[in-house]
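Quick note: to get the numbering used here, add 76 to the position in the first sequence (first position is 1).
Data first, discussion second: the structure below is written as structure tokens.
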Amino acid sequence: MSARRGLDVSVLRIYLFLGFETGFGRGQNMGTKDKPDISALTPAQAAAELESLARQLSVANEAYHTLDAPQIDDATYDALKSRNALLEKMFPDLKRPDSPSEQVGAPVNETFGKVTHAVRMMSLANAFEDDDISEFDERVRKYLGLPSDAALSFTAEPKIDGLSLTLRYEDGQLTQAATRGDGEVGEDVTANAKTITDVPSYLAGMDGIVEVRGEVYMAHSDFAALNARQTSENRKPFANPRNAAAGSLRQLDPAITQSRPLRFFAYSWGELTTPLADTQFGAIVRLSELGFSTNPLTKRCSSPAELIAHYRSIEQQRATLGYDIDGVVYKLDDLPLQTRMGFRSTTPRWAIAHKFPAEKAWTRLESIEIQVGRTGALSPVARLTPVTVGGVVVSNATLHNEDYIAGKDSKGSEIRSGKDIREGDWVQIYRAGDVIPKVADVDVAKRDESALPFEFPTHCPDCGSDALREPGDAVRRCSGGMICPAQAMERLKHFVGRGAFDIEGLGARQIEQFYVDDHLPIHEPSQIFTLGRRDAGNLTKLANREGYGAKSAENLFTGIEARRHIPMRRLLFGLGIRHVGEAAARLIARHYGNWSAFVAAMDLAALEPAFQETATSKEVLTKSPAFAELLAIDGVGAVMATSLVAAFAQGNERTLIDRLCSELTIEDEAAVDESQSPVAGKTVVFTGTLEKLTRAEAKARAEALGAKVSGSVSAKTNILVAGPGAGSKAKKAAELGIETLDEDGWLELIGG
DNA sequence: GTGCCTCGAGTTCC
DNA sequence: CTCGAGGCAC
77 MSARRGLDVS
87 VLRIYLFLGF
97 ETGFGRGQNM
107 GTKDKPDISA
117 LTPAQAAAEL
127 ESLARQLSVA
137 NEAYHTLDAP
147 QIDDATYDAL
157 KSRNALLEKM
167 FPDLKRPDSP
177 SEQVGAPVNE
187 TFGKVTHAVR
197 MMSLANAFED
207 DDISEFDERV
217 RKYLGLPSDA
227 ALSFTAEPKI
237 DGLSLTLRYE
247 DGQLTQAATR
257 GDGEVGEDVT
267 ANAKTITDVP
277 SYLAGMDGIV
287 EVRGEVYMAH
297 SDFAALNARQ
307 TSENRKPFAN
317 PRNAAAGSLR
327 QLDPAITQSR
337 PLRFFAYSWG
347 ELTTPLADTQ
357 FGAIVRLSEL
367 GFSTNPLTKR
377 CSSPAELIAH
387 YRSIEQQRAT
397 LGYDIDGVVY
407 KLDDLPLQTR
417 MGFRSTTPRW
427 AIAHKFPAEK
437 AWTRLESIEI
447 QVGRTGALSP
457 VARLTPVTVG
467 GVVVSNATLH
477 NEDYIAGKDS
487 KGSEIRSGKD
497 IREGDWVQIY
507 RAGDVIPKVA
517 DVDVAKRDES
527 ALPFEFPTHC
537 PDCGSDALRE
547 PGDAVRRCSG
557 GMICPAQAME
567 RLKHFVGRGA
577 FDIEGLGARQ
587 IEQFYVDDHL
597 PIHEPSQIFT
607 LGRRDAGNLT
617 KLANREGYGA
627 KSAENLFTGI
637 EARRHIPMRR
647 LLFGLGIRHV
657 GEAAARLIAR
667 HYGNWSAFVA
677 AMDLAALEPA
687 FQETATSKEV
697 LTKSPAFAEL
707 LAIDGVGAVM
717 ATSLVAAFAQ
727 GNERTLIDRL
737 CSELTIEDEA
747 AVDESQSPVA
757 GKTVVFTGTL
767 EKLTRAEAKA
777 RAEALGAKVS
787 GSVSAKTNIL
797 VAGPGAGSKA
807 KKAAELGIET
817 LDEDGWLELI
827 GG
């Protein structure tokens, strides 16, 4: 949407924007400000502008991928590239060797090497209320099977607002430093980390691997001095210490990092040849002995009450600490117990971050806009007069749905004391979880007398179809389905997204362009794979298009071809069927194994009277064999099953799917690799009393090894683990001839 | 039927 | 990151 409309206006905006923000683009471009008439440019002017554009785009590219630089919106970026392409067309001789048109988008951090973490860098679950802390304590006890009066210690330490860094030492020598990245893969910043004085380059007497983790941050005083320097050197000051630290660590030239006053607190570790200690607190002490800075406010506490008391104490000292913190982290002190508890998908079970109340700011709500999502959901978004909240400029805030605007939550109870939100209102904004901007409060006294309650649209703003709300559903949805352009485009974006087809060179921005392209349109997924054929017979080839060069066009086609072979689960997820996400797609693909078997099953199910009567009760569906197979998959229920079958029933959507599949080679889903663990793919039932593990623990471990844990014994059960006191289940297992183990036998099988 | 827990969907800013 | 919905265990 952003690009092809109104080039003139956009270009005008760029010059104002970039000229102001970066100090670039002033002077030589002023002549083009009113109306950039290219034919009137002299070659010298054009060359100067091309040079300027190359610089601006390189700044923009960098800004897009680093946290410290100013932000440039997509429309501006697109317009910059268009202007560049236009100039290059008019003055081909002046095309620069570093021409921005030779690159599609920005190179993804090509400048830093990637590092795959030996041990994943997790994030933390959050808590906001005191009650959450007692609940955390209870959860830990329950998981470990400890009575509520058993002694249990936790550590409490300030949560530093910086960026996490992991330092790898081999035989005492610092060999690698990496940022967190997505937790799996980070960036190699070794040279930069070595310039930080708090980071020891050698650890005496530490043979083998020692991986120390902690937070890089900038103290308030250093930040103020740095910003003074930035200003005096005519550079843009940093918005906050966190951004300054992030920007400083990610400098290409280590000499610049060295000149920046970065500090480091160690608080955790990754891979270790030998353990540091047997408690969290002990490990911190050990890290301090090894020469690391550790936070002096780290304390061992023996009850939730003591944790909260320490939280209050830290909160009171917050302003005088000299560095930014955004909460207090609690960790289970006993390390063997930490190991027993393990991890959820992205967070450890044995730690929690108690966050300080979010910063809030008042601003004006200029308008309410309705966005249409891929499932047709109409989502209201508040356009705000930009305001700084917690060091970041916020100009949009989510309004969830029509009830939220009206002052009610999903259960019908009041939020914001029942105050509704109207266009023009003064609203208080906070960033939930320090990220998502939301409306905390409305100042009704300041409301204009003529302001009317917001009328939520009953029709799709994009295609005009009825927007309907199912009973009991919080969202209103466009009923246009396949005919709604907004939905179609969002579905395409989902299709090329991560976890689905993930096509290199074809992201959301490119989808928006191709969607409105007259010569090479992409309106449905199959057209992505016919793009190459269509381009071949096209006079206005992609390679000659604005924003593309021969090389970038070729790269795009290579990216598309690479995905013509696609794993079944990616295809299933990419189709964007309601209720079928990444996890469900994987489960289903794994169950059916190959695409034709799956589609045959869907066809069969669509013929079932139970489906044609649109009955969705599980009881009715389970009676039909075709549905029974779907519903037998762990994690698939009646809603998901009907949604799937409906998508594959003959009709427009199915035609689209078939057209797509005819372009693809769909890879069968490999059965669970049973060689990796002795219980992979097996169904296990636990019964009786377990003495060495709790139920939750046993289940989590078995699942981690690829087993499915069930509650009752059936013909599908492979292994029964029976502790003392096992009754009917053991008997039934014996009758069915199922392998039965005691707890020790089980532990032996899975290797401890 | 109720209460967890996980997943899906939507959103913002970088 | 959060909320709601779906799935499942109790």
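The beta carbon of each residue, even a glycine, is placed where N, CA and C say it ideally should be.
No experiment lies behind these values; they were computed from the predicted model shown.
Check	Outcome
Roughly how many whole angstroms lie between the Cα atoms of residue 789 and residue 781?	20 Å
Look at residue 835 and residue 612 and say whether their C-beta atoms are less than 8 Å apart.	In this structure the chain extends from 77 to 828, so residue 835 is not present and cannot be described.
Can you name, in chain order, every residue of its own chain whose Cβ lies under 7 Å from the Cβ of residue 653, other than the five neighbours on each side?	719, 720, 723
How big is the Cα-Cα spacing for residue 246 and residue 255?	18 Å
DSSP has residue 703 in a bridge; who is on the other side?	According to DSSP, residue 703 bridges with nothing at all.
Can you check DSSP and say which residues form a bridge with residue 455?	447
Using only the alpha-carbon positions, how far apart do residue 426 and residue 215 sit?	9 Å
Would you mind reading off the limits of the alpha helix (DSSP H) that contains residue 562?	561-571
Tell me the rounded alpha-carbon separation between residue 235 and residue 385.	16 Å
What first and last residue would you give for the beta strand (DSSP E) that runs through residue 819?	Per DSSP, residue 819 belongs to no beta strand (DSSP E); it is in the alpha helix (DSSP H), 819-825.
Is DSSP giving residue 426 helix, strand or coil here?	coil
Given that a residue counts as buried once 16 or more other Cβ atoms are within 10 Å of its Cβ, and exposed if not, what is residue 370?	buried
When the distance is taken between beta carbons, is residue 492 closer than 8 Å to residue 483?	yes
Whose C-alpha, out of 193, 465, 552, 538, is nearest the C-alpha of residue 453?	552
Under the three-state reduction of DSSP, which class applies to residue 717: helix, strand or coil?	helix
Straight-line CA distance for residue 606 to residue 596?	10 Å
Fully enclosed by the segment 625-675, which alpha helix (DSSP H) runs are 4 residues long or longer?	626-638, 644-650, 658-668
Residue 612 by DSSP, collapsed to three states: which one?	helix
Enumerated in chain order, which unbroken segments of the beta strand (DSSP E) with a length of 3 residues or greater are wholly contained in the segment 298-368?	339-348
Examine the Cβ distances between the segment 563-577 and the segment 637-657 and report whether three or more of them are shorter than 8 Å.	yes
In this structure, does DSSP put residue 583 in helix, strand or coil?	coil
In the DSSP assignment, find the alpha helix (DSSP H) that holds residue 212 and state where it starts and stops.	206-220
Using the beta-carbon count (16 or more within 10 Å), is residue 328 buried or exposed?	exposed
Is the beta carbon of residue 399 less than 8 Å from the beta carbon of residue 293?	yes
Please go through the same chain and pick out, in chain order, the residues whose beta-carbon is closer than 6 Å to the beta-carbon of residue 663, but skip the five residues on each side of it.	709, 711
Apart from the five residues on each side of it in sequence, which residues of its chain come closer than 6 Å, Cβ to Cβ, to residue 233?	371, 374, 405
Which residues in the same chain have their Cβ closer than 6 Å to the Cβ of residue 73, if we skip the five residues on either side of it in sequence?	Nothing about residue 73 can be read from this structure; the chain reaches only from 77 to 828.
If you run the structure through DSSP and keep just helix, strand and coil, what is residue 244?	strand
For the segment 632-652 against the segment 730-750, are there 3 or more C-beta pairs whose distance is under 8 Å?	yes
Whose C-alpha, out of 195, 228, 265, is nearest the C-alpha of residue 332?	265
Any idea if residue 481 is buried or exposed, counting beta-carbon neighbours within 10 angstroms, 16 or more meaning buried?	buried
Can you give the Cα-Cα distance for residue 436 and residue 395, rounded to whole angstroms?	17 Å
Is the beta carbon of residue 470 sitting closer than 8 Å to the one on residue 463?	yes
Can you check whether the CB of residue 514 is closer than 8 Å to the CB of residue 521?	no
Between residue 617 and the rest of its own chain, which residues show a CB-CB distance below 8 Å, the 5 nearest in sequence each way excluded?	611, 629
So, helix, strand or coil for residue 399, using DSSP?	coil
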